[in-house]
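In the UniProt record's numbering, the protein residues as written are 1 to 224.
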């Protein structure tokens with residue numbers, strides 16, 4: 001019996017979050033809506049294998065921006081709590097880069113839209129291509145709509161086509177019940193996309209407000 005395919009899921013976190021809000025929520029909804037549990041998302045995608053193929057989730061890689069502790073200590077602390085919860089399972093790996101703030105930015109008074117991610121797409125693209133070359137996954141599922149990632153995807157796809165080796169590439173996207181849903185597309189290639197509908201989303205949702213500490217963040221110490 002063949003070994004299960006090793007699945008690595010690559011999540012462009014801000015993209016995943018923003019498109020979940022667009023697909024299933026309104027702009028006025030609480031900021032916690034749109035969050036999902038990365039491990040549960042990864043397990044769901046790994047289970048959506050083509051007929052006759054057995055798969056096993058080996059890694060969920062989450063690429064995200066990290067608030068700066070000096071510019072926005074509250075959001076920084078919330079992000080640390082969120083990451084700590086995600087990484088309780090060793091299959092979840094978080095790759096973060098500090099957000100970039102314009103000169104004179106003041107949290108609470110400056111426009112938050114001025115804060116930008118920098119280096120996230122580069123890190124994701126590099127890992128996607130290098131890990132494929134190193135044979136670290138058999139199926140790579142990318143959840144993002146950032147077409148800056150396409151050169152890395154193309155490299156992996158072309159290697160599989162021309163050499164007959166390397167992992168299978170698949171995409172994932174949210175499927176809104178009421179509006180057109182964006183997804184990653186690669187010109188000239190028919191790459192399979194896993195559509196995740198509203199029912200699936202509800203099962204993955206994480207509605208915790210991480211700006212508020214929880215007793216679970218600081219478990220009681222064992223007695224001597």
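Just so it is clear, CB atoms sit at the ideal spot from N, CA and C, and this is done for glycine as well. None of the values given here were measured: they were computed from a predicted structure.
How far does the alpha helix (DSSP H) with residue i in it extend, from its first residue to its last?
i           : result
residue 200 : 198-204
residue 129 : 120-133
residue 82  : 73-86
residue 140 : Segment 139-143 is the beta strand (DSSP E) holding residue 140; no alpha helix (DSSP H) there.
residue 153 : 150-163
residue 41  : 38-47
Using a Cβ-Cβ cut-off of 6 Å (strictly less than) and excluding sequence neighbours within five positions of residue i, which residues of its own chain qualify?
i           : result
residue 34  : 17, 20 and 21
residue 152 : 125, 128 and 129
residue 96  : 64 and 66
residue 51  : none
residue 192 : 170
residue 78  : 210 and 211
residue 54  : 4
residue 138 : 5, 6 and 167
Quick one, which of the options has its alpha-carbon nearest residue i's?
i           : options               : result
residue 184 : 160, 12, 122 and 40   : 12
residue 67  : 15, 127, 194 and 117  : 117
residue 166 : 173, 172 and 157      : 157
residue 175 : 155, 162 and 197      : 197
residue 114 : 138, 90, 71 and 123   : 71
residue 124 : 139, 134, 133 and 144 : 144
residue 189 : 169, 140 and 200      : 169
residue 90  : 57, 121 and 171       : 57
residue 179 : 5, 191, 24 and 9      : 24
residue 186 : 99, 148 and 60        : 148
residue 177 : 162, 159 and 199      : 199
residue 74  : 154, 107, 9 and 14    : 107
residue 135 : 120, 160 and 154      : 160
residue 92  : 10, 204, 202 and 28   : 10
residue 208 : 83, 138 and 104       : 83
residue 85  : 162, 39 and 201       : 39
residue 69  : 30, 100 and 37        : 100
residue 202 : 37, 29 and 181        : 37
residue 122 : 111, 110 and 146      : 146
The beta strand (DSSP E) spanning residue i covers which residue range?
i         : result
residue 7 : 5-12
According to DSSP, residue i sits in a beta bridge with which residue or residues?
i           : result
residue 193 : 171
residue 98  : 66
residue 57  : 7
residue 33  : 35
residue 92  : 60
For a cutoff of 8 Å on Cβ pairs, would you count residue i as touching chain B?
i           : result
residue 199 : Of the protein chains in this structure there is only one, and it is not chain B.
Below 8 Å CB to CB, which residues in the same chain sit around residue i once its five sequence neighbours on both sides are set aside?
i           : result
residue 81  : 210, 213, 214 and 217
residue 194 : 45, 48, 141, 170, 171, 172 and 173
residue 224 : Because the pLDDT at residue 224 is just 38, under 50, the model does not fix this residue reliably, and the value given afterwards should be weighed accordingly. No residues qualify anywhere along the chain.
Starting from the C-beta of residue i, find all residues in its chain whose C-beta is less than 7 Å away, skip the five residues before and the five after it, and write them out in chain order.
i           : result
residue 2   : none
residue 181 : 23, 173, 174 and 175
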